[in-house]
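Protein chains in written order, with the numbering used here: chain A, 585 to 887; chain B, 38 to 314.
If you want it as structure tokens, here you go:
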């Protein structure tokens, strides 16, 4: 039984389809990412999956149970790391885990026996009695992650787990998340960080305007949707240059401000040409998930 | 389950569910862990909390009771401070429940996002709102007991009947917690609560026989007092503290219980509309 299966999911606010019919299925022990710009429907999808809001249509099976009909029983087997921290500021680190464990109806003894290991996992082993108010942003996130594991969930749901963290704190969270599949925990996360998705997700779905516009492993998506190499050309007259020359060297190109993005299968002829140009700088790199994402969802701001 | 089939969401009984539909609350003991969470927070601040809840009403009761009381003959068949003590118990129980259900619950719902964290667990909104209701009543119960203890210690009431005030103030706490939670689940911000105090709590206090007998009011206001929960609470507490059985016990209890059984489902429906859309 898949830890999560979603089919034909639709959700409407007013006349607006926030989710316009999406489906995906998670395999046990994999990390699955929902990727999309702001307003793509990522958080709404998670709320539907957890039974916190009624979809207009669709079928959701979470931990083997139909949602929202048996959402409560399903949530007992799921851990959630929300987008904004909502730890209890009046409690110590350990009290936060204890009180949260009680919400699952777990016996006091069971919760207390799990706390030391979870604090160790979160790198907070020496801080059991510390007040939440004294923790850094990264520590709070790690504690929220530990809190989500108090019920030993089959599925861990994370909504933008590293938004607002510095690089050191992000890497530490990633390292912890990477260890979860080995413990048999399946992970569903939303993010708009491509590096995060590429590093963590075995498979992902790119969401835009409430629809899944692409789905697959990161490298598959890159192979399927984009030329393998990218040459970024910078300079005041990059746009002019692109207008006259780019089409001759690149299968596809885009201009954004003073940068021209050239997508190519063979970069050598373009690079040879560029070395002869005055006033242009360039960067040659392999195509990545961000290129796929921008190709599929466009470069306009989502505000 | 057939795969890929799209059908409207249905509840456990198979009936289609409308998002904004009112449905009867599902009561369960799962509210207890949430109640314990609030209790654990309170325990850390218990002494200042009790003193804070006690000091203000005591100052009014003793100040007005002894100060103003010297100017007055008997009020309602007793000295003014004895008269005032029954009003003070009900008034401060109401206030304690109201403050908890407004400001503290709003903090947990909107500011700290404690409710969001809880709703991600097997606890449903029905349990959560019930926990807030019972918690606010519990806290106001403690506040009422503290006042009652002072009343007993000062010898203002010595009848065994006054023990019936204990279940009464718990009911008063539940009724006002329910009303307060309705306001909280509607409130865009803390400022909104000012309307509730100015338009409801404060006028009600003056119309409910807390400081002076209702009979002093014009007839229209006396009639209005018949629907105010605080007036019914005072109508029960005053004879109990004086040592005789109240009249029309059933009516007074029914009005207080009526506020509770209407307010809780309404607060829950409002909370559902606010949080589960």
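Glycine is no exception: its CB is placed at the ideal position from the N, C-alpha and C atoms.
>> My assumption, with CB atoms under 8 Å, is that residue 641(A) sits in contact with residue 594(A). Please give the rounded CB distance.
In response: Correct: roughly 4 Å between the Cβ atoms.
> Per the contact definition of three or more C-beta pairs closer than 8 Å, is the stretch 795-810 of chain A in contact with the stretch 870-880 of chain A?
Replying inline: Contact holds between the stretch 870-880 of chain A and the stretch 795-810 of chain A, because three or more Cβ pairs, one in each stretch, are under 8 Å apart.
> Are any of the Cβ atoms in chain D nearer than 8 Å to that of residue 821(A)?
Replying inline: Considering every chain present, this structure includes no chain D. Its protein chains are A and B.
> Which value, in whole angstroms, describes the spacing of the CA atoms of residue 839(A) and residue 786(A)?
Replying inline: Roughly 31 Å between the two C-alpha positions.
> Opposite residue 594(A) in the DSSP bridges: which residues?
Replying inline: For residue 594(A), which the question treats as bridged, DSSP gives the partners 604(A) and 641(A).
>> Does residue 827(A) pass the burial test, meaning 16 or more other C-beta atoms within 10 Å, or should it be called exposed?
In response: By the 16-neighbour rule on beta-carbons within 10 angstroms, residue 827(A) is exposed.
> Any contact of the stretch 690-708 of chain A with the stretch 183-200 of chain B, i.e. 3+ C-beta pairs under 8 Å?
Replying inline: No contact exists between the stretch 690-708 of chain A and the stretch 183-200 of chain B.
>> Counting C-beta neighbours from all protein chains within 10 Å, is the total for residue 652(A) 16 or more, i.e. buried, or is it exposed?
In response: By the 10 Å Cβ count, residue 652(A) comes out buried.
>> Which of the three DSSP states is assigned to residue 869(A) in this structure?
In response: Reduced to three states, the DSSP call for residue 869(A) is strand.
> By Cβ distance below 7 Å, which residues in the same chain neighbour residue 731(A) in space, the five residues on each side in sequence not counted?
Replying inline: Cβ neighbours of residue 731(A) within its own chain (closer than 7 Å, five residues either side excluded): 680, 681 and 684.
>> If distances are taken between C-alpha atoms only, which option among 739(A), 695(A), 816(A) and 745(A) comes closest to residue 665(A)?
In response: Distance check between residue 665(A) and each of 739(A), 695(A), 816(A) and 745(A) places 745(A) closest, using alpha-carbon atoms only.
> Is the CB-CB distance between residue 210(B) and residue 245(B) below 8 Å?
Replying inline: Contact: no.
> Can you tell me whether DSSP reads residue 48(B) as helix, strand or coil?
Replying inline: With a pLDDT of only 44 at residue 48(B), under 50, the local geometry of the prediction cannot be trusted, and the value read off the model is given with reservation. Correct three-state label for residue 48(B): coil.
>> Is residue 830(A) close to chain B? Criterion is C-beta to C-beta, closer than 8 Å.
In response: Judged by the 8 Å Cβ criterion, residue 830(A) is not in contact with chain B.
> Applying a beta-carbon distance threshold of less than 7 Å, which residues of chain A neighbour residue 80(B)?
Replying inline: Neighbourhood of residue 80(B) in chain A, by CB distance below 7 Å: empty, with the nearest CB roughly 10 Å away.
>> Given a cut-off of 8 Å on the beta-carbon distance, is the pair residue 848(A) and residue 835(A) in contact?
In response: Contact flag set, yes.
> Roughly how many angstroms lie between the CA atoms of residue 53(B) and residue 198(B), to the nearest whole one?
Replying inline: Low local confidence applies: a pLDDT of 42 at residue 53(B) is under 50, so the model's placement there is unreliable, with the coordinate-based value given in what follows. For residue 53(B) and residue 198(B), the distance between alpha carbons rounds to 52 Å.
> Hey, out of 816(A), 819(A), 782(A) and 791(A), whose CA is closest to residue 804(A)'s CA?
Replying inline: When only C-alpha atoms are compared, the closest one is 782(A).
> Sorted by chain position, which residues of the same chain lie with C-beta nearer than 6 Å to residue 764(A)'s C-beta, five sequence neighbours on each side aside?
Replying inline: Answer for residue 764(A): 771, listed in chain order.
> In angstroms, rounded to a whole number, what distance separates the CA positions of residue 232(B) and residue 222(B)?
Replying inline: Straight-line spacing of the CA atoms in residue 232(B) and residue 222(B) works out to 14 Å.
>> So that I know if they touch, is there some Cβ in chain A lying closer than 8 Å to that of residue 154(B)?
In response: Judged by the 8 Å Cβ criterion, residue 154(B) is in contact with chain A.
> Where do the N-terminal and C-terminal ends of the alpha helix (DSSP H) with residue 259(B) fall, by residue?
Replying inline: Residue 259(B) -> alpha helix (DSSP H) spans 256-262.
> How is residue 785(A) classed by DSSP in three states: helix, strand or coil?
Replying inline: Here residue 785(A) sits in coil by DSSP.
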